[in-house]
Amino acid sequence: MQHSISLKKRLLTLLIAAGFLLGSVFAAGSETSAATSRLKVSPTKKTIYVGKATTLKANKKVRWSVYKGKKYVKIVSKSKYAKKITIKGLRNGTSYIKAKYGKKIKKVKITVKKKTVSSNVPTKITLAATQNSIGVGDHCSVYVKSVSPSTASKAVTYSSSNEKVATVSRSGLISGVKDGTVTITATSTKNNARKATIKITVLKTLRGTVKLTASLSTEEKFPKGKVACLWIPVPETDANGSQTVSPSSIKYTAKHATELKITTDSAGNKALYVKWDENTDPKDRTVDFSFNVVRREIIRPANMQALEKGTVDKEKMAPYLKETKRSGSLTSGIVKETADKIVKDAHATTVYKKAYAIYDWVCENLRRDNSTPAIGSGDVQYILKNTDNGIGKCTDVNAVFVALCRAEGIPARSVYGLKLNAMIDNPNTPYVQKCKPQYYLPGYGWAEADVSALLKLPDIMGHEDDYRGKNVSAEKAQIWKSLKDEYWGSADDYWMMLSAGGDITLSPKQDEKTAADAVLNPDGSVKNYGILNDNGTLHYFIYPYAEYDGHYLKNYGTTEFDYKYSFEEGNDDCGC
């Protein structure tokens with residue numbers, strides 16, 4: 001009996017032990033299953049910048065959502081039920097992204113910040129230049145006009161796209177080497193990804209020294225005992241930058257002159273006035289005059305028409321809108337009627353379009369007459385009544401353009417000067433004077449319209465009827481069209497300006513007796529080659545003007561006194 005009880009106890013013990021063993025096995029299995037189903041997300045927190053994106057990952061395919069702070073981040077992935085998603089920062093703040101798997105949830109803290117940029121590093125650079133075009137051998141400066149933010153450093157390094165055209169120094173000094181266009185680049189020293197550019201045009205340039213010798217020393221013509229006077233045009237720097245005359249280079253000597261000074265005439269031109277009194281020996285009536293000039297080509301801007309801004313200031317431009325002794329009426333008669341018809345036929349409404357219509361008409365309807373003495377005189381009404389005949393030379397052609405423009409309220413002027421290339425090619429030629437017209441475009445300034453140079457070209461190439469008219473070939477018609485375009489708004493570097501305007505009273509005023517020296521037609525009008533108006537004023541001031549005993553001395557062609565211009569290239573004076 002006792003043995004039976006003992007057996008039962010042992011059996012019970014074994015059963016209990018087996019139960020514990022099975023429990024342990026089942027417990028171990030449960031722990032393994034739980035470990036396998038645990039949800040993991042990485043990272044658990046993240047800082048990103050506004051506008052930037054980042055990726056979140058999970059170890060299971062979960063459902064993602066913005067749990068809190070939807071205005072700070074957004075999910076940008078196409079699917080929100082995946083093992084990974086991409087989120088993007090919207091604005092400063094804190095948000096939470098929720099990952100859900102069954103009933104299990106994990107949260108990721110996202111902090112969004114705005115990336116701060118050092119206030120010393122520019123995000124934008126703007127360049128400017130003291131000039132956008134310079135001549136060969138000239139200089140200008142480029143500089144940083146502004147940076148963003150305004151507290152950023154303006155320190156940059158400069159480079160040129162073509163140093164054979166222009167170089168640029170570390171400080172931004174640009175030097176013209178050869179005609180052409182370059183791009184100057186400025187790169188921030190704080191961030192070489194920040195750059196700015198500006199284009200600089202280098203123009204063809206002619207520089208040199210102009211000399212003039214003049215005298216009234218021929219005793220047979222100009223004996224002692226009478227007063228002799230001489231006015232010589234003195235050039236100035238042009239406001240549009242095409243011409244620079246160094247004031248310090250202007251030199252003159254007339255050792256025995258009783259007066260020797262620079263004066264200003266009624267049109268604003270400068271002149272060297274020389275006077276020898278009645279006691280001066282004829283052989284001592286000599287003067288030497290010289291100056292340095294830099295002349296640059298003029299290139300018409302591609303957008304010139306768009307540069308017209310505002311309207312004509314009639315008060316300021318009054319000298320360039322008035323009638324002259326030889327323009328005829330600008331308010332009625334043939335000049336006004338012709339101008340109105342030209343503008344109407346062209347449907348022109350702006351200053352630019354009106355001026356071009358007049359330029360085109362003059363080019364197509366006027367002819368040169370090389371038999372005209374000197375450079376002509378510019379009797380506009382006579383020319384318009386005789387367009388089928390030769391009408392003269394540059395003064396005549398230009399006078400028509402100027403008068404027609406003024407009749408339409410467009411400021412215009414004739415400008416007078418020297419052909420530097422004529423003095424280079426043929427040092428002995430006496431024909432070095434030339435004039436051309438300009439009109440004033442509001443917002444731009446004085447603009448070229450060199451009809452006289454254009455109308456001279458057929459004389460060189462062949463008869464003008466071969467280049468314009470109804471029966472010309474397409475090839476020659478295209479040549480003529482191209483030439484017209486070339487002389488509209490552009491000019492070469494071989495001409496320099498001495499003076500402008502007409503009906504000029506010199507300073508000191510020319511003698512009253514000169515009015516009687518004007519050469520008149522039978523009807524009392526001035527002949528087409530007359531430089532003097534019938535009141536003694538000068539129709540233009542391009543030649544040295546001289547008087548002996550109060551009378552005008554012929555100063556063109558076979559002159560009544562001696563003078564000669566010469567030009568030597570290559571002075572080192574910058575014209576500053």
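Taking the UniProt record's numbering, the leading residue of the sequence shown gets 1, the next gets one more, and so forth. Beta carbons: idealized from backbone N, C-alpha and C, even for Gly.
How far does the alpha helix (DSSP H) with residue i in it extend, from its first residue to its last?
| i | result |
| --- | --- |
| S336 | A small fix is needed here, since residue 336 is Lys in this sequence, not Ser. Here the alpha helix (DSSP H) through K336 covers 333 to 345. |
| I358 | 351 to 365 |
| residue 580 | Since the first and last residues shown for the chain are 1 and 576, residue 580 lies out of range. |
Mapping the DSSP letters down to three states, classify residue i as helix, strand or coil.
| i | result |
| --- | --- |
| D288 | strand |
| Y545 | strand |
| K453 | Here residue 453 is Ala; the residue named in the question, Lys, does not match the sequence. Reduced to three states, the DSSP call for A453 is helix. |
| D238 | coil |
| K385 | helix |
| N59 | strand |
| V50 | coil |
| V380 | helix |
| L206 | strand |
| V420 | Note on identity: in this sequence residue 420 is Leu, with Val being the wrong assignment. Helix. |
| E163 | coil |
| H3 | In this prediction, H3 has a pLDDT of 49, which is less than 50 and means its spatial position is unreliable; nothing more can be read from the coordinates. |
| T559 | coil |
| A348 | coil |
| A193 | coil |
| K83 | strand |
| A228 | strand |
| K109 | strand |
| K476 | helix |
| A518 | coil |
Evaluate residue i with the Cβ neighbour count: other Cβ atoms within 10 Å of its Cβ, from every protein chain shown; 16 or more gives buried, anything less gives exposed.
| i | result |
| --- | --- |
| G23 | For G23, the predicted model reports a pLDDT of 49, less than 50, meaning its position is unreliable and no value from the coordinates is stated. |
| D340 | exposed |
| A302 | exposed |
| Q478 | exposed |
| A518 | buried |
| S148 | exposed |
| A318 | exposed |
| L520 | exposed |
| D379 | buried |
| V136 | buried |
| S371 | exposed |
| T44 | exposed |
| T514 | buried |
| N123 | In the sequence as presented, Asn is not what sits at residue 123; that position holds Thr. Exposed. |
| N120 | exposed |
| P235 | buried |
| N555 | buried |
| K354 | buried |
| G102 | exposed |
| E163 | exposed |
| N386 | exposed |
| G570 | exposed |
| T324 | buried |
| N398 | buried |
Taking residue i and residue j to be in contact with their CB atoms under 8 Å, please state how far apart those CB atoms are, rounded to whole angstroms.
| i | j | result |
| --- | --- | --- |
| residue 577 | T201 | Because the chain here runs from 1 to 576, residue 577 falls outside it and cannot be looked at. |
| S327 | A403 | 4 Å |
| V144 | V156 | 6 Å |
| A58 | K80 | The Cβ separation is near 12 Å, so there is no contact. |
| P437 | A453 | About 10 Å; that fails the 8 Å criterion. |
| F561 | Y416 | Actually they are not in contact, since the Cβ atoms of F561 and Y416 sit about 19 Å apart, beyond 8 Å. |
| A233 | S499 | According to the sequence displayed, residue 233 carries Pro and not Ala. About 5 Å separates the two Cβ atoms, so the contact holds. |
Beta-carbon of residue i versus every beta-carbon of chain B: anything under 9 Å?
| i | result |
| --- | --- |
| L212 | Given the protein chain composition of this structure (a single chain), no chain B is represented. |
How far does the beta strand (DSSP E) with residue i in it reach, from first residue to last?
| i | result |
| --- | --- |
| D179 | Where D179 is concerned, there is no enclosing beta strand (DSSP E), given that its DSSP letter is neither H nor E. |
| I410 | Premise fails: I410 is in no beta strand (DSSP E) and is neither H nor E. |
| P43 | Here P43 belongs to no beta strand (DSSP E), and DSSP marks it neither H nor E. |
| Y439 | 433 to 441 |
| residue 643 | Not covered by the structure: residue 643. The range shown for the chain is 1 to 576. |
| A99 | 93 to 101 |
| S148 | 139 to 148 |
| G135 | 133 to 135 |
| K74 | 73 to 75 |
| H551 | 551 to 553 |
| T126 | 124 to 129 |
Length-filtered (3 minimum) beta strand (DSSP E) runs lying within the stretch 246 to 332: Complete beta strand (DSSP E) runs here, min 3: 251 to 253, 259 to 264, 270 to 276, 286 to 296.
Minimum length 3: unbroken beta strand (DSSP E) runs contained in the stretch 479 to 513: Qualifying beta strand (DSSP E) stretches, in chain order: 495 to 500.
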